[in-house]
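This report concerns only the one structure given below.
Numbering (our numbering), first residue to last: 736 to 1418.
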C-alpha cells in the first residue's frame, strides 16, 4: 500500500475556509491520505495564492466574511489560468437551496460539515478522477482533430493532383507552380516554415477545378466567354473546399485570389495591390509562367522570349512589379521545373492504388473523428446536433423507421436529493442499456438533461417496437434495482413513425410528434409508452356523447367508488376530483356542487394535428382567467379539464363555460371548438 502511494502522482488540494477548526480537520484528513494540502482563510487570499500555485482541486467554504464562497467561485472561474480547476463547495448549511445554487454555478460537488473522512475522501477522489478523464478525452479529441486535418491535407493534395490529371496538358501543373513559388519565397528571404506553408498552398491552388467539367478544361479551342465565366468559378469552389483546413494558415488565399490583378482588374473580388495577399501574388505569377511555358490543347508551349515580353508588359498591371523582377531573374538563370523531377504525386486518368488507399484511410479517419466529435461527453451516445444530422441523412436516403423520445421519471427528484454525481451515473446506466439492447444500425442521442432519442432504422411492426421498449425497460429496471434509491425511477417513452408516405418527413416533425406522445405518456401516469398515431385516434373520440359518458362514470364513482368504463379519463383523476369535492362539502353545509367538463373537439384536429399541445395550453389559460376565486379546476384526461363550482346554478355553469370558450378563442391562434357538459353532484 505504501509503495502504491509512492508511485501515484501527488494531487494537491487548496482548502479555503475562515474557520481554523475546519481548515485543520481538512488538512489532517487529506494529508493522511497522501494529498499535498494548501490552506487559506479567505476568498481574497485564495485568489492571490492561485497566482503562484495551481492545485488539482479546491475545497471552498460558502460562508466567509468579506468575500463569500460564491463570489470567490466566480472570480476563479472567470480567470483563464484557474477556470478549469474543479471546485467542491463545503458548508455546514443543510438547506437544499445552498446545494442547488452551488451546482447551478458549476460546482463539481458539495460536502457538508462536519467532515466524515471516508465520504469526504471518496467525493474528492471521484471528482479528481472524473476531471482527469475529461481532460484526457479532450486531449484525445484534440489530437484526433489534428491528425484528421493532416490526413485531410494529404487527401486533398491527392485530389489536386487528380485535378491536374483531368487536363491532358496540365499534369504536374500544381507541382511546378509550387516549386516556382518556393524559389521566389527563398529569394524574398522567407523562413523555412513559411516556405513550407506556401508550398502546400500552391499545391492546392487549382483544387477548385474539380468542380469544372472536363469538356471545358480539355476543349481543343479557345473558351467562349460563357465557358470562361464557368472556369472562373474554380476560385470560389477551391476556397469552399479548403475553408475548414486550419493546420495551414491562410490556406484559402492561393485558391481564392491567385487570379487577382495588381491593378484590381482580376477576379473574383477585384482587389488590388497590397490588398492581395503576398502568397496569392506569388502563386499568381508562378501560375501564369507555367501556363505560358506549358503546352495547351489549342497551342504549343510559348518560348521564354515571349514569356519575358508578357511579364514585362503586364508589370504593375497584372503582376506585382517586384515579383516580375524576381521572375525575370529566375528565367535568366535558366528556370527549369519539369514535373518529372518532383514525383510528389502518382496521377493518371484514374487514381492510382496508392491514392485509393489514401482515400480509404482518409474516409475512415473522417468518419471516426466525425463520430467522436458528435458524441455526448457524459454518455457517449450522439449529441443533439449529430443525431439530428444522422436522422435527416437517413430520411433523405429514403430510410423509414421508428422515432422514440425517452426520459427518466422522477430524475429531477434523484438529482436534487442525491446530487449530480448520482444523476450522471443514472444517465450513463441508461445509455449502457441502449447499447445492450439496440442494434448497430440504430441511432441513439441525448438531447440534454435526461431526455434521450432513438431512431430504429426500417422498423415498423408495433410488436417489434413494443418488444424493444419492454426490453429497454426490463434492462433499466434490473440495473437500477441494485441501488435502492433509484427504484423511484422509471421510463416514459413517446413514439412516432417515419413512413415513406408521410409528407415533409424530417427530424423536426418526428421530434415534435414523439414529444407529444411522451407528454401523453406522462399525463397517463408515467412508466409507459405512447404512440403519436394512437393519440390522434384517441382525440377523434372526444365528442359530446363521450364527455357525457365520462360525467356519468364520475358521478357513479362519487357515490359507489366504482368505475363505469370511462372513455377519456385515467382512473387516478377520479380520486383527485372526488377529494376536492369532498373537501368543499366538508367545509360548507348544504352546499351545491356542480362540475363542468370541457374538452377540445376531435374535429379541430382533422387537418391541424400540430396544435394538440398548443390548444390544450390555451384552454388551460382560458379556464384560469374565467373562474371565480372559490372554484377549482384540474386536468381530467387527454385534452380535457374538469371545473368544480361551489354554490352555483345551471345559469352560472353556463355562463362560466361561455366565458371559458370566449377566452379560449382570444388566447388561441387556431380556430378550434371547445365542447362541454355539466352536472350537479348531490352528496
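Just so you know, even glycine gets a beta-carbon here, dropped at the ideal spot from N, CA and C.
All values derive from a computational prediction rather than experimental measurement.
Using the three-state DSSP reduction, which class does residue i fall into: helix, strand or coil?
{"i": "residue 906", "result": "coil"}
{"i": "residue 747", "result": "strand"}
{"i": "residue 1388", "result": "helix"}
{"i": "residue 1121", "result": "helix"}
{"i": "residue 987", "result": "helix"}
{"i": "residue 752", "result": "coil"}
{"i": "residue 1363", "result": "coil"}
{"i": "residue 1398", "result": "helix"}
{"i": "residue 1173", "result": "coil"}
{"i": "residue 1162", "result": "helix"}
{"i": "residue 1111", "result": "coil"}
{"i": "residue 1030", "result": "coil"}
{"i": "residue 792", "result": "strand"}
{"i": "residue 1006", "result": "coil"}
{"i": "residue 1369", "result": "strand"}
{"i": "residue 1266", "result": "strand"}
{"i": "residue 1178", "result": "strand"}
{"i": "residue 1141", "result": "strand"}
{"i": "residue 924", "result": "coil"}
{"i": "residue 1001", "result": "coil"}
{"i": "residue 1133", "result": "coil"}
{"i": "residue 1344", "result": "Any reading at residue 1344 must be qualified, since the residue scores a pLDDT of 47, below 50, and its modelled position is unreliable; no value is offered."}
{"i": "residue 874", "result": "helix"}
{"i": "residue 1323", "result": "coil"}
{"i": "residue 1070", "result": "coil"}
Would you mind stating whether residue i and residue j have Cβ atoms separated by less than 7 Å?
{"i": "residue 1007", "j": "residue 915", "result": "no"}
{"i": "residue 756", "j": "residue 793", "result": "no"}
{"i": "residue 834", "j": "residue 845", "result": "yes"}
{"i": "residue 691", "j": "residue 1206", "result": "There is no way to answer for residue 691, as the model of the chain reaches only from 736 to 1418."}
{"i": "residue 1168", "j": "residue 1211", "result": "yes"}
{"i": "residue 917", "j": "residue 934", "result": "yes"}
{"i": "residue 1256", "j": "residue 1267", "result": "no"}
{"i": "residue 1282", "j": "residue 1412", "result": "yes"}
{"i": "residue 986", "j": "residue 919", "result": "no"}
{"i": "residue 1228", "j": "residue 1264", "result": "yes"}
{"i": "residue 1064", "j": "residue 1042", "result": "no"}
{"i": "residue 1192", "j": "residue 1176", "result": "yes"}
{"i": "residue 1136", "j": "residue 1190", "result": "yes"}
{"i": "residue 1316", "j": "residue 1416", "result": "yes"}
{"i": "residue 1116", "j": "residue 1030", "result": "no"}
{"i": "residue 823", "j": "residue 817", "result": "no"}
{"i": "residue 1178", "j": "residue 1125", "result": "yes"}
{"i": "residue 983", "j": "residue 932", "result": "yes"}
{"i": "residue 796", "j": "residue 825", "result": "yes"}
{"i": "residue 863", "j": "residue 791", "result": "yes"}
{"i": "residue 1231", "j": "residue 1243", "result": "no"}
{"i": "residue 1325", "j": "residue 1351", "result": "no"}
{"i": "residue 1334", "j": "residue 1287", "result": "no"}
Between which two residues does the beta strand (DSSP E) harbouring residue i extend?
{"i": "residue 1375", "result": "1375-1381"}
{"i": "residue 1152", "result": "Where residue 1152 is concerned, there is no enclosing beta strand (DSSP E), although the alpha helix (DSSP H) it sits in stretches over 1146-1153."}
{"i": "residue 1413", "result": "1409-1416"}
{"i": "residue 771", "result": "771-775"}
If I follow the unbroken alpha helix (DSSP H) through residue i, where does it start and stop?
{"i": "residue 1334", "result": "Run containing residue 1334: none in the alpha helix (DSSP H); it sits in the beta strand (DSSP E), 1328-1335."}
{"i": "residue 961", "result": "960-967"}
{"i": "residue 993", "result": "Segment: none, residue 993 is in no alpha helix (DSSP H) and carries neither H nor E."}
{"i": "residue 927", "result": "927-938"}
{"i": "residue 1041", "result": "1039-1048"}
{"i": "residue 1063", "result": "1056-1067"}
{"i": "residue 945", "result": "Element bounds for residue 945: n/a, residue is neither H nor E."}
{"i": "residue 784", "result": "778-784"}
Chain C beta carbons: is any one of them nearer than 7 Å to that of residue i?
{"i": "residue 1180", "result": "Any reference to chain C falls outside this structure, which holds one protein chain only."}
Tell me the start and end of each unbroken beta strand (DSSP E) in the stretch 1180-1263 that is at least 3 residues and wholly inside, in chain order. 1186-1192 and 1225-1233
Any chance the stretch 1396-1403 sits against the stretch 1351-1359, with 3 or more Cβ pairs inside 8 Å? yes
With a floor of 4 residues, list each alpha helix (DSSP H) that falls wholly inside the stretch 797-872, ordered by position along the chain. 804-812 and 831-840
Is there contact between the stretch 1321-1338 and the stretch 1376-1385, where contact requires at least three CB pairs shorter than 8 Å? yes
Is it true that the stretch 845-854 meets the stretch 775-788, where meeting means three or more beta-carbon pairs spaced less than 8 Å apart? no
Does the pairing of the stretch 938-949 with the stretch 960-975 give three or more beta-carbon distances under 8 Å? yes
When the Cβ atoms of the stretch 867-874 are set against those of the stretch 758-766, are three or more pairs found closer than 8 Å? no
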